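Student: According to my numbering, the sequence shown is numbered sequentially starting from 95.
Even glycine gets a Cβ: it sits at the ideal position worked out from N, Cα and C.
No experiment lies behind these values; they were computed from the predicted model shown.
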Amino acid sequence: MKKRIFSFVIALTFHYLCTMMNDNEFAPLSPLRCGARNGLRFGVYLTVFYAASLFSRQAAVLNLLSLVMIVAVPFVVYFLMKADYRAAAGRYSVGSLWLDGMTTVVCGSLVAGVFMLAYLRWINPTHLSDEWTLMASTFAESPDASVRAYGEQLQSALDNGFTLSPGVFTMTLVWMAGFTGSLLALALALLVKRSDPGGKSPADIV
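#1: Look at the alpha carbon of Gly202 and the alpha carbon of Phe273, and state the distance between them as a whole number of angstroms.
#2: Where does Val199 land, buried or exposed, given buried means 16+ other C-beta within 10 angstroms?
#3: What is the DSSP secondary structure of Gln152, reduced to helix, strand or coil?
#4: On the DSSP letters alone, give me the boundaries of the alpha helix (DSSP H) that Ser276 sits inside.
#5: Could you give the residue range of the alpha helix (DSSP H) that holds Glu225?
#6: Distance cutoff 8 Å, beta carbons only. Does Ser250 sit that close to anything in chain B?
#7: I believe Leu222 touches Leu214 by the beta-carbon criterion, under 8 Å. Please report the beta-carbon distance rounded to the nearest angstrom.
#8: How close, in whole Å, do the beta carbons of Val73 and Phe136 come, if the pair is a contact with beta carbons under 8 Å?
#9: Say yes only if the C-beta of Phe149 is nearer than 7 Å to one or more non-hydrogen atoms of the ligand ATP, and no if none qualify.
#10: Going by beta-carbon coordinates alone, are Tyr286 and Leu191 separated by less than 8 Å?
#11: Which complete alpha helix (DSSP H) runs does the stretch 168-223 hold, if anything under 4 residues is left out?
#12: Let's test the definition: count the other Cβ atoms within 10 Å of the Cβ of Ala279 and tell me whether it reaches 16, buried, or not, exposed.
#13: Do Leu211 and Thr264 come within 8 Å of each other at the CB atom, strictly closer than that value?
Okay, structure coming up:
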């Protein structure tokens, strides 16, 4: 049931995005349209980040790459929002900038989430269970008694059939990215507006 709900949400979201980006009633400089367009680009960025994280054990350089990419996320979103703000001649309000940035992060998370779901469900379906097992064994070898106890509890849960489906795991990541992204977008909207108060016209697009 959860998998069907997740698939329905993904399909509905992409249908909405495609409709929105091709609908003439949305102005070329609409923050929703700009955010959706940026979301596709940001989704590619997040997909590369996820891929580097998944294969970081095979190559140390991928571990470094994933670390650099996660640190650079605020800067990437900032420059995308800044580009839209300048294209609109500074007519975006803080609310419009926030909507632009939030749509960018949410749409990007959905694009990367599709890759994550495909990898965890069809390409490497044992990845999550392998990670839980590795975590339990690592905790079990800790010199700290409380950490060892936690590792034993985790191993016991795994032995009793504990599992986390790829759909639930992916949806959790998407929701987390959406929540933290909305906060990040608000902070960046204030920063963009402060760094460049506006263009010739004081009117707001939204």
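Tutor: This is what the structure gives:
#1: Numbered from its first residue, the sequence shown carries residue 202 at position 108. Numbered from its first residue, the sequence shown carries residue 273 at position 179. Straight-line Cα distance between these residues: approximately 13 Å.
#2: Here residue 199 refers to the residue found at position 105 when the sequence shown is read from its first residue. Its Cβ being crowded by 16 or more others within 10 Å, Val199 is buried.
#3: By 1-based counting over the sequence shown, the position of residue 152 is 58. If DSSP states are grouped into helix, strand and coil, Gln152 belongs with coil.
#4: On the sequence shown, position 182 is the one that residue 276 refers to. Here the alpha helix (DSSP H) through Ser276 covers 260-289.
#5: Numbered from its first residue, the sequence shown carries residue 225 at position 131. Looking at the DSSP string, the run of the alpha helix (DSSP H) that includes Glu225 is 221-234.
#6: Checking the listed chains, one finds no chain B in this structure; it contains a single protein chain.
#7: Here residue 222 refers to the residue found at position 128 of the sequence shown. Here residue 214 refers to the residue found at position 120 of the sequence shown. Correct: roughly 6 Å between the Cβ atoms.
#8: Outside the displayed range of the chain (95 to 300) lies residue 73, so it cannot be described from this structure.
#9: No copy of the ligand ATP occurs in the structure displayed, which carries no ligand at all.
#10: Locating residue 286 in the sequence shown gives position 192, where the first residue counts as 1. Locating residue 191 in the sequence shown gives position 97, where the first residue counts as 1. One point to set straight first is that residue 286 is Val, not Tyr, in the sequence displayed. It is a contact, given that the beta carbons lie within the stated cut-off.
#11: 188-212
#12: On the sequence shown, residue 279 is found 185 positions in, with the first residue counted as 1. Answer is buried; the Cβ neighbour count reaches 16.
#13: Locating residue 264 in the sequence shown gives position 170, where the first residue counts as 1. Locating residue 211 in the sequence shown gives position 117, where the first residue counts as 1. Yes, the pair counts as a contact, with Cβ atoms nearer than the cut-off.
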